[in-house]
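Asks:
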Amino acid sequence: EADIYQTPRYLVIGTGKKITLECSQTMGHDKMYWYQQDPGMELHLIHYSYGVNSTEKGDLSSESTVSRIRTEHFPLTLESARPSHTSQYLCASSGTGYAAGYNEQFFGPGTRLTVL
Amino acid sequence: GDSVTQMEGPVTLSEEAFLTINCTYTATGYPSLFWYVQYPGEGLQLLLKATKADDKGSNKGFEATYRKETTSFHLEKGSVQVSDSAVYFCALSSGGTSYGKLTFGQGTILTVHP
Chain A
1 EADIYQTPRY LVIGTGKKIT LECSQTMGHD KMYWYQQDPG MELHLIHYSY GVNSTEKGDL
61 SSESTVSRIR TEHFPLTLES ARPSHTSQYL CASSGTGYAA GYNEQFFGPG TRLTVL
Chain B
1 GDSVTQMEGP VTLSEEAFLT INCTYTATGY PSLFWYVQYP GEGLQLLLKA TKADDKGSNK
61 GFEATYRKET TSFHLEKGSV QVSDSAVYFC ALSSGGTSYG KLTFGQGTIL TVHP
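Chains A and B, in that order, give the protein sequences. Residue numbering for the first sequence follows the numbering used here, beginning at 1 and increasing consecutively. Residue numbering for the second sequence follows the numbering used here, beginning at 1 and increasing consecutively.
(1) With a threshold of 16 other CB atoms inside 10 Å of the CB of Val-4 (chain B), please say whether the residue is buried or exposed.
(2) Pull up the distance between the alpha-carbon of Gly-14 (chain A) and that of Tyr-89 (chain A), whole angstroms please.
(3) Identify, in the order they occur along the chain, each residue of the same chain with its Cβ nearer than 7 Å to the Cβ of Glu-69 (chain B), setting aside the five sequence neighbours on each side.
(4) Can you check whether the CB of Gly-78 (chain B) is closer than 8 Å to the CB of Ser-94 (chain A)?
(5) If the cut is a Cβ gap below 7 Å, which residues of chain A does Gly-107 (chain B) touch?
(6) Which residues in the same chain have their Cβ closer than 6 Å to the Cβ of Ile-4 (chain A), if we skip the five residues on either side of it in sequence?
(7) Counting only the same chain and skipping the five closest in sequence on each side, list residues whose C-beta sits under 7 Å from that of Glu-63 (chain A).
(8) Hey, out of B:Ser-93, B:Cys-23, B:Glu-42 and B:Glu-16, whose CA is closest to Gly-31 (chain B)'s CA?
(9) Using 10 angstroms around the beta-carbon of Asn-53 (chain A), count the other beta-carbons present and answer buried if the total reaches 16, otherwise exposed.
(10) Any residues in the segment 82 to 94 of chain A with a beta carbon nearer than 7 Å to a beta carbon of chain B? Which ones, in chain order?
(11) When you check each C-beta in the segment 70 to 96 of chain B against every C-beta of chain A, which residues fall closer than 8 Å?
(12) In this structure, what does DSSP give as the bridge partners for Ala-65 (chain B)?
(13) By DSSP's criteria, Gln-106 (chain B) is part of a beta bridge. Which residues make up the other side?
(14) I'd like to know whether the C-beta atoms of Phe-89 (chain B) and Leu-33 (chain B) end up nearer to each other than 8 Å.
(15) Compare the C-beta of Leu-13 (chain B) against all C-beta atoms of chain A and say whether one is closer than 8 Å.
(16) By the 8 Å beta-carbon criterion, what residues does the segment 43 to 55 of chain B contribute toward chain A?
(17) Taking all protein chains shown into account, do 16 or more other C-beta atoms lie within 10 angstroms of the C-beta of Gly-110 (chain A), making it buried, or fewer, making it exposed?
(18) Shortest alpha-carbon distance to Val-87 (chain B) belongs to which of B:Tyr-39, B:Gly-61 and B:Phe-104?
(19) Between Ser-49 (chain A) and Met-27 (chain A), is the Cβ-Cβ spacing less than 8 Å?
(20) List the residues of chain B whose Cβ lies closer than 9 Å to the Cβ of Phe-107 (chain A), in chain order.
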């Protein structure tokens, strides 16, 4: 079944640790996105990619980095986690053209990160 | 630039009450419009969408009509259930430099009591 997956679902780590949040999709989508969701529920785009070897920074500045080596995989990395990175991180993907519903995005279940 | 404004929440209703969540937008060209829903502890799910003026999107008893003249896409449901308690996001997608990206409203928290 075509879907979008995120692991881990929950992560509690100490300050200074390097972490990677995984996101994979089996829908064959070319575009992928990372959002940060604050406690007030508002969504902020932090990274996006239009295809392999394409990555762009989003509207909200983030200390995280991303890579897109394979179409289906879009991991997000924090080299040195801090308490200010505590948040919910959501990954999404979308296809191209009319069949994609004019840029409808499909979301993963999210990773809730807590940095102590 | 593009923007979406949702009515401020949270919204608290009794079961079987009528629901309206207002959404207005500013965009260039002819955007597609979406309502997403986020249940506790989950990611966002598409609830309904409309891709051109006067289109009505509908799903699970929810409806929204794309009104270009008032730049609005208000979400309505005639009779809410406790299971509708969630966060609702209005969003738009336009072309040009925003290609592929969604612009979201700030979200509206809905709580339905028995």
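Glycine included, every Cβ here is placed at the ideal spot set by N, Cα and C.
Replies: On the basis of the coordinates in this document:
(1) Taking the first residue of the second sequence as 1, we reach residue 4 (chain B) at position 4. Residue environment analysis places Val-4 (chain B) among the buried positions, since at least 16 neighbouring C-beta atoms fall within 10 angstroms of its C-beta.
(2) As a working note, residue 14 (chain A) is residue 14 in the first sequence. As a working note, residue 89 (chain A) is residue 89 in the first sequence. Near 17 Å, if we compare the C-alpha coordinates of Tyr-89 (chain A) and Gly-14 (chain A).
(3) Here residue 69 (chain B) refers to the residue found at position 69 when the second sequence is read from its first residue. Excluding positions up to five away in sequence, the list is empty.
(4) Here residue 94 (chain A) corresponds to residue number 94 of the first sequence, with the count starting at 1. Here residue 78 (chain B) corresponds to residue number 78 of the second sequence, with the count starting at 1. No; because the gap between Cβ atoms is not below 8 Å, this pair is not in contact.
(5) Counting from 1 along the second sequence, the entry for residue 107 (chain B) is found at position 107. Going along chain A in sequence order, the residues near Gly-107 (chain B) (Cβ under 7 Å) are Met-41 and Glu-42.
(6) Start at 1 with the first residue of the first sequence, and residue 4 (chain A) comes out as number 4. Cβ within range, chain order: Gln-25, Ser-93, Phe-106 and Gly-108.
(7) Position 63 of the first sequence, counted from the first residue, corresponds to residue 63 (chain A). Closer than 7 Å at Cβ, skipping near neighbours: Leu-78.
(8) Translated into the one-based positions of the second sequence, residue 31 (chain B) becomes position 31. Reading off the sequence, residue 31 (chain B) comes out as Pro, not Gly. Here the closest residue by C-alpha is B:Ser-93.
(9) Indexing the first sequence from 1 puts residue 53 (chain A) at position 53. Counting Cβ neighbours within 10 Å, Asn-53 (chain A) comes out exposed, since fewer than 16 surround it.
(10) Residues of the segment 82 to 94 of chain A whose Cβ lies closer than 7 Å to any Cβ of chain B, in chain order: Leu-90 and Ser-94.
(11) Residues of the segment 70 to 96 of chain B whose Cβ lies closer than 8 Å to any Cβ of chain A, in chain order: Val-87, Phe-89 and Ser-93.
(12) The count along the second sequence starts at 1 and reaches residue 65 (chain B) at position 65. The question names Ala, yet the displayed sequence has Thr at residue 65 (chain B). Secondary-structure assignment with DSSP links Thr-65 (chain B) through a beta bridge to B:Lys-56.
(13) The sequence position of residue 106 (chain B) within the second sequence is 106, counting from 1. DSSP lists no partner for Gln-106 (chain B).
(14) Along the second sequence, read from residue 1 onward, the residue named residue 89 (chain B) stands at position 89. Along the second sequence, read from residue 1 onward, the residue named residue 33 (chain B) stands at position 33. No. Outside cutoff.
(15) Here residue 13 (chain B) refers to the residue found at position 13 of the second sequence. By this cut-off, Leu-13 (chain B) is not an interface position.
(16) Correct list: Gly-43, Leu-44, Gln-45, Leu-46, Lys-49 and Thr-51.
(17) Against the first sequence, residue 110 (chain A) aligns to sequence position 110. When all chains shown are included, Gly-110 (chain A) counts as buried.
(18) What you label residue 87 (chain B) is simply residue 87 of the second sequence in a count that begins at 1. Among B:Tyr-39, B:Gly-61 and B:Phe-104, the Cα nearest to that of Val-87 (chain B) is on B:Tyr-39.
(19) Locating residue 49 (chain A) in the first sequence gives position 49, where the first residue counts as 1. Locating residue 27 (chain A) in the first sequence gives position 27, where the first residue counts as 1. Contact flag unset, no.
(20) For the purposes of this step, residue 107 (chain A) is identified with residue 107 of the first sequence, where counting begins at 1. Those are Tyr-36, Gln-38, Glu-42, Gly-43, Leu-44, Gln-45 and Leu-46, listed as they occur along chain B.
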